[in-house]
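So the structure is just underneath, and the comments pick up after that.
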Amino acid sequence: MFSLIIPVYNEEGIIDELAGRAVKTIESVSPNYEILFVNDGSTDSTLQKLIEVRKRFSRIKIIDLSKNFGHQAAFTAGLELAMGNYVAMMDGDLQDPPELLPEMYRMIKEEGFDIVSGKRNGRKSKRLRLITNLFHSFFKKVAGIGEIENTGNFSIMNRAAVNALVQMKESIRYLPGMRSFIGFRQGYVEYMREDRLKGKPKMSLSKLMVLGADAIFSFSKFPIKVCLFLGTLGTIIFFFAGIYALIDKLFGHSLLGWSSTVLSIYFLGSIQLVFLGVMGEYVYRIYKESQNRPIYLVKKFYDAETEQ
Ligand code: UDP
Ligand code: MG
Numbered sequence: 004m005f006s007l008i009i010p011v012y013n014e015e016g017i018i019d020e021l022a023g024r025a026v027k028t029i030e031s032v033s034p035n036y037e038i039l040f041v042n043d044g045s046t047d048s049t050l051q052k053l054i055e056v057r058k059r060f061s062r063i064k065i066i067d068l069s070k071n072f073g074h075q076a077a078f079t080a081g082l083e084l085a086m087g088n089y090v091a092m093m094d095g096d097l098q099d100p101p102e103l104l105p106e107m108y109r110m111i112k113e114e115g116f117d118i119v120s121g122k123r124n125g126r127k128s129k130r131l132r133l134i135t136n137l138f139h140s141f142f143k144k145v146a147g148i149g150e151i152e153n154t155g156n157f158s159i160m161n162r163a164a165v166n167a168l169v170q171m172k173e174s175i176r177y178l179p180g181m182r183s184f185i186g187f188r189q190g191y192v193e194y195m196r197e198d199r200l201k202g203k204p205k206m207s208l209s210k211l212m213v214l215g216a217d218a219i220f221s222f223s224k225f226p227i228k229v230c231l232f233l234g235t236l237g238t239i240i241f242f243f244a245g246i247y248a249l250i251d252k253l254f255g256h257s258l259l260g261w262s263s264t265v266l267s268i269y270f271l272g273s274i275q276l277v278f279l280g281v282m283g284e285y286v287y288r289i290y291k292e293s294q295n296r297p298i299y300l301v302k303k304f305y306d307a308e309t310e311q
C-alpha cells in the first residue's frame, strides 16, 4: 500500500483541488493507496470540507487532532498511523506538486533508494527564500549531518525508513533533520517550488524561527560552542587587560581605569546573560523531553471503517 500524508491547518479554500490532484496522481502510482489528511486543529471549515471529499474518494482518511500541534507534529501523527509500505509526506498548500510523486516512487522502487526527498531548485515564492537558504547551509555545517539543503518535508520513504523515524520519540521535532539523521540511502528530485495556491502561509515568521531554533538546538552543540568560544576569548582579552591595568597602576595613574572597569562589567555581564540564555534553552529542552508528553492527540480518526 502507498500512503500519502498531508497536514492541513485552516486550508478550507484548497481542500477540493488538493484532494482531486492528490487522488489523480496517486492513483497512477498504485491502486492500493490511502491519503491521510491530518487536520491540525483548524478553526475554519477545513474538517467539513475533508469529510465531504471523503464521500467522493473513499480512500481518504482524516486524522482529526484535538488542537493545533504544529505541522511537524501533524506529520508525525500521519507517519505513525500510515499503513503503507511506502509513505509520502507533502505540504497541504500545493507548493509541493503531487505530480512529482510518481517519479519519486519510481526512484525508490527501481533505483534502490530508501528515501527520496524533493529538493527545491529555487522557489517561485520570494518569501523568506534567502533566510531559508542561508539557514539550510548553516544548519548543514553546524549539525554535521547529511544533506538537508533546500529539502523540506516533501519526501517519500519505504517502510524501514518510516519505522526508524517513528522510533524517534523526541517531542521537539524537526523532521527534515531527523530524516537526514537516520541514514539509509537517500535520493533527491529537483523541483521548482510553486507559490502557495490560496490563503496565507500558516507558518508565520515566528513559527519558522521556532522551527529553526528547534533544528539548531536539537541537532547541534553549536550554541554551546559559541558560548565557549566567546567565553574563552573574553577571558583572554580581560586577562591581558588586567595585566595592563596592573602595570598602569604601578606607574601611578590610579584614577584612570574607571571606564575600563565599567566597560568590562558591562561586557562580561552581557556575555554571561547570553550564556545563561543558551543554557536555559538546553535546560528547557531537557525538561520538555523529560515530560514525555504525547507529540499529538487524536480526537477522531476517520479511517476505512468509519462510516462515510
Ligand atoms: N500547517 C499545519 N499546522 C500548522 C501550520 C501549518 O498543519 O500549525 C500545514 C499547512 O496547512 C500546510 C503546511 O503545514 O499544509 C505548510 O504550511 P505553510 O505553507 O504555511 O508553510 P511554508 O510553506 O510557509 O513553510
Ligand atoms: Mg507553504
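Just so you know, the sequence shown maps onto residues 4 to 311 in my numbering.
The beta carbon of each residue, even a glycine, is placed where N, CA and C say it ideally should be.
None of the values given here were measured: they were computed from a predicted structure.
Inset, instruction - Quick one: grab the DSSP three-state call for residue 251. - result: helix
Legend entry - Segment contact flag, the region 117 to 125 with the region 182 to 191, C-beta cutoff 8 Å, min 3 pairs: yes
Inset, instruction - Assuming residue 90 contacts residue 6 (C-beta within less than 8 Å), just tell me the rounded distance between them. - result: 5 Å
Inset, instruction - Would you mind working out which of 56, 221 and 161 sits nearest residue 281, comparing C-alpha positions? - result: 221
Inset, instruction - Look at residue 26 and residue 78 and say whether their C-beta atoms are less than 8 Å apart. - result: no
Inset, instruction - Please state whether DSSP places residue 58 in a helix, a strand or coil. - result: helix
Inset, instruction - Taking only runs that begin and end inside the region 150 to 218, name each unbroken beta strand (DSSP E) of 3 or more residues, in chain order. - result: 154 to 161 and 189 to 196
Inset, instruction - Taking only heavy atoms of the ligand MG into account, decide whether any of them is closer than 7 Å to the Cβ of residue 105. - result: no
Inset, instruction - Return the chain-ordered list of same chain residues with a C-beta closer than 7 Å to the C-beta of residue 57, the five sequence neighbours on each side being excluded. - result: 63, 65, 305 and 311
Inset, instruction - With DSSP collapsed to three states, give me the class of residue 296. - result: coil
Legend entry - Short Cβ contact (8 Å threshold) for residue 133 with residue 17: no
Legend entry - Whole beta strand (DSSP E) elements within the region 83 to 135, 3-residue minimum: 89 to 92 and 118 to 126
Legend entry - Sufficient close CB pairs (3 or more, under 8 Å) joining the region 208 to 222 to the region 106 to 115: no
Inset, instruction - Answer yes or no: do residue 4 and residue 37 have a C-beta to C-beta separation smaller than 8 Å? - result: yes
Inset, instruction - Measure the beta-carbon distance from residue 105 to residue 32 and round it to whole angstroms, keeping in mind my assumption that it falls under 8 Å. - result: 5 Å
Inset, instruction - Consult DSSP for residue 226 and reduce its assignment to one of helix, strand or coil. - result: helix
Legend entry - alpha helix (DSSP H) segment containing residue 19, residue limits: 18 to 32
Legend entry - Classification of residue 243 by the beta-carbon crowding that lies within 10 angstroms, buried from 16 upward: exposed
Legend entry - DSSP bridge partner residues for residue 38 (one or two, in chain order): 7 and 63
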